[in-house]
Every structure is written in C-alpha cells, then in structure tokens.
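Novice:
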Amino acid sequence: MAIIRESIDVDRRPEEVYQYVMDAPRMPEWQLSAVSAERLDEGPVGVGSKVRVTRHIGRRVMPMTMEVTEYDPPHSWGMRGVDGPVRAQVHGEVEPYDEGRRSHVTIDIDFEGHGMGKVMVPLVVRPQVRKELPRNEQLLKDRLEHTGE
Numbered sequence: 024m025a026i027i028r029e030s031i032d033v034d035r036r037p038e039e040v041y042q043y044v045m046d047a048p049r050m051p052e053w054q055l056s057a058v059s060a061e062r063l064d065e066g067p068v069g070v071g072s073k074v075r076v077t078r079h080i081g082r083r084v085m086p087m088t089m090e091v092t093e094y095d096p097p098h099s100w101g102m103r104g105v106d107g108p109v110r111a112q113v114h115g116e117v118e119p120y121d122e123g124r125r126s127h128v129t130i131d132i133d134f135e136g137h138g139m140g141k142v143m144v145p146l147v148v149r150p151q152v153r154k155e156l157p158r159n160e161q162l163l164k165d166r167l168e169h170t171g172e
C-alpha cells in the first residue's frame, strides 16, 4: 500500500508544534474527520500511551484506539491503530528551520483493513484521507499561527 504523505511549514517553534499535535483532546481542532479524542491512561504521554479517537469515516462514525509507538519530542512521533476494522499507522516529523523559529511538519499515514475494513480502506478511507490530510495540515498551521495556542 502507498503511504499518504503531506508536509507544511508552520511559523512556530518545533516544541510548540509537537506539544499541540500530541495533545489528544485537541485532535478535533485540526483533524476534519475527528469527532472526539481522549487519553485512555494517566501520566505523561509516551510510548505505549493510548488514545480513543472517534472519527467520521465515509458515512459512519467509528471509534478506534490508537497507541503511541514512537515518542521523540520535539522531533517525531508514531501511532498505530490497535482495534477496529480500519487501523492507521501514523508517523510524524517536526523539523526546525530558520534557526529553530519555524517548523517543517511531515505526516505519513498508511492503513490496514480488518474484516469490513479490507473493503473500506481502498474504497472509502484512502480517498478520504488523500483529500483530508492537506486540509488538516492547513488547519494545524492556521490554528498554531493565528490563535496563539
């Protein structure tokens, strides 16, 4: 399967971008398909932390659990779906530039289908994410640059 990859430049420091991206309850602020997101465990975020994300996928609303698989602030993160018919694998990178005052953000997403997800991934999920990911990154940029979050 082909990984879906998008990048954008954000006029914020990498630490600020990383902190915002890894704040699970904020996912619906910058991810169009996210209806809600909540941490499922206590303590600081790290490898093994879990998040329950409810998303619009096609005409359905589907909850899914994501587990943090990589946590290297403020440089990179990784998450993978651990349940449900559609399981995403996400890798993100935040690269500093302009002497660390700005960030280049790259997000890669791939999917694995289970059960009905084997049909949903190529027919619904991939086309939706190909359209949505550039818009999500623009929302991330706008949110961080214009709201002072």
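With the working numbering applied, the sequence shown covers 24 to 172. We put the beta carbon where it would ideally sit given N, CA and C, even for glycine. Quick caveat: nothing in here was measured; it's all calculated off a predicted structure.
Touch check for the stretch 127-136 and the stretch 62-69: three-plus C-beta pairs under 8 Å?
Specialist: Because the criterion of three Cβ pairs below 8 Å is not met, the stretch 127-136 and the stretch 62-69 do not touch.
Novice: Three or more beta-carbon pairs under 8 Å between the stretch 82-93 and the stretch 118-127, yes or no?
Specialist: Output reads no: the stretch 118-127 does not touch the stretch 82-93.
Novice: Quick check on A25: buried or exposed, where buried means 16 or more other Cβ atoms within 10 Å of its Cβ?
Specialist: A25 should be labelled exposed.
Novice: Can the beta-carbon of W53 be found closer than 7 Å to that of L156?
Specialist: For W53 and L156, no; Cβs fall outside 7 Å.
Novice: Alpha carbon to alpha carbon, how far is E38 from A111? Give it in angstroms, no decimals.
Specialist: Straight-line Cα distance between these residues: approximately 25 Å.
Novice: Once the 5 residues before and after T92 are set aside, which same chain residues still bring their CB inside 7 Å of it?
Specialist: Within the same chain, T92 has close Cβ partners V70, G101, M102 and R103.
Novice: Since G243 contacts P96 with CB under 8 Å, what's their CB separation in whole angstroms?
Specialist: Lying before the first or after the last residue shown, residue 243 is absent from the chain, which here runs from 24 to 172.
Novice: What residue ranges within the stretch 113-153 form continuous beta strand (DSSP E) runs of no fewer than 3 residues, ordered along the chain?
Specialist: List check, beta strand (DSSP E) in window: 125-136.
Novice: Helix, strand or coil for V76? Go by DSSP, reduced to three states.
Specialist: V76: strand per DSSP, three-state reduction.
Novice: Which runs of the alpha helix (DSSP H) at least 4 residues long sit entirely within the stretch 38-93? Give them in chain order.
Specialist: If we require 4 residues or more, the alpha helix (DSSP H) runs fully inside the stretch 38-93 come out as 50-53.
Novice: Closer than 7 Å by C-beta to M45: which residues in its own chain qualify, once you throw out the five before and the five after it? Chain order, please.
Specialist: Within the same chain, M45 has close Cβ partners V68 and W100.
Novice: Would you kindly work out how many angstroms separate the C-alpha atoms of E90 and M50, rounded to a whole number?
Specialist: E90 and M50: Cα-Cα distance of roughly 15 Å.
Novice: Considering only the beta carbon of each residue, do L167 and R35 sit closer than 7 Å?
Specialist: Yes; because the gap between Cβ atoms is below 7 Å, this pair is in contact.
Novice: Using a C-beta cutoff of 7 Å, does D121 count as contacting chain B?
Specialist: Any reference to chain B falls outside this structure, which holds one protein chain only.
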